[in-house]
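Okay, so here's the structure we're looking at.
Residue numbers (the working numbering): 162 to 330.
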């Protein structure tokens, strides 16, 4: 049974040159280098499965970057070429970078964060001023029960307390 048909990437010599420049650059981000390698391998005719094995990443990641190249990055480079824009390397690097705003939206505001920090101080006072195992779970559960927030994870509590500790320094 044959796999799904993958979209073909035909790299222009200048695109190949720019991708190689990114891969060889000591200042390039590791993820950007990996993504440039995906595009370069796809341009050499490798399939998603082959690329995923060579680069030790998932087939879905290979497919995502193959599609992004075809739908977004290559058209941006072509437009830049037509308009005589010189910064093609920057356009390519930006295209291979993570898009801004990734991750979950923040669920607490500053007032809620302050209330949680005060709650954490009360919990620590009750436990003799020391951080203990289960502290973050208790703070999260108590903050929800008190109606400070509708939902919050112990991990989010930990990040909030770490941020507060860093700001206090």
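From the three backbone atoms N, C-alpha and C, an ideal C-beta is built for every residue, glycine too.
Just so it is clear, the structure is predicted and the values come from calculations on it, not from any experiment.
Other residues of its chain near residue i: CB distance less than 6 angstroms, five sequence neighbours each side excluded
i, result
"residue 194", "184"
"residue 234", "256"
Cβ shell of residue i (< 8 angstroms), same chain only, five flanking positions each side left out
i, result
"residue 258", "190, 192 and 193"
"residue 310", "268, 269, 273, 277 and 304"
"residue 280", "300, 303, 304, 307 and 309"
"residue 228", "168"
Neighbour-count burial assignment, residue i, 16 or more Cβ in a 10 Å radius
i, result
"residue 297", "buried"
"residue 122", "With the chain covering only 162 through 330, there is no way to say anything about residue 122."
"residue 323", "exposed"
"residue 238", "buried"
"residue 213", "buried"
"residue 175", "exposed"
"residue 225", "exposed"
"residue 240", "exposed"
"residue 271", "exposed"
Span of the alpha helix (DSSP H) around residue i
i, result
"residue 184", "174 to 185"
"residue 307", "Run containing residue 307: none; DSSP gives neither H nor E here."
"residue 228", "220 to 229"
"residue 250", "249 to 257"
"residue 276", "271 to 287"
"residue 237", "235 to 243"
"residue 209", "209 to 216"
"residue 191", "191 to 204"
Beta-carbon contacts of residue i that lie in its chain and below 7 angstroms, excluding the five residues immediately before and after
i, result
"residue 179", "249, 250 and 253"
"residue 216", "195, 198 and 199"
"residue 169", "none"
"residue 301", "313, 314, 315 and 318"
"residue 172", "204"
"residue 211", "none"
"residue 275", "none"
Residue-chain proximity (residue i, chain C), Cβ-Cβ < 9 angstroms
i, result
"residue 327", "Of the protein chains in this structure there is only one, and it is not chain C."
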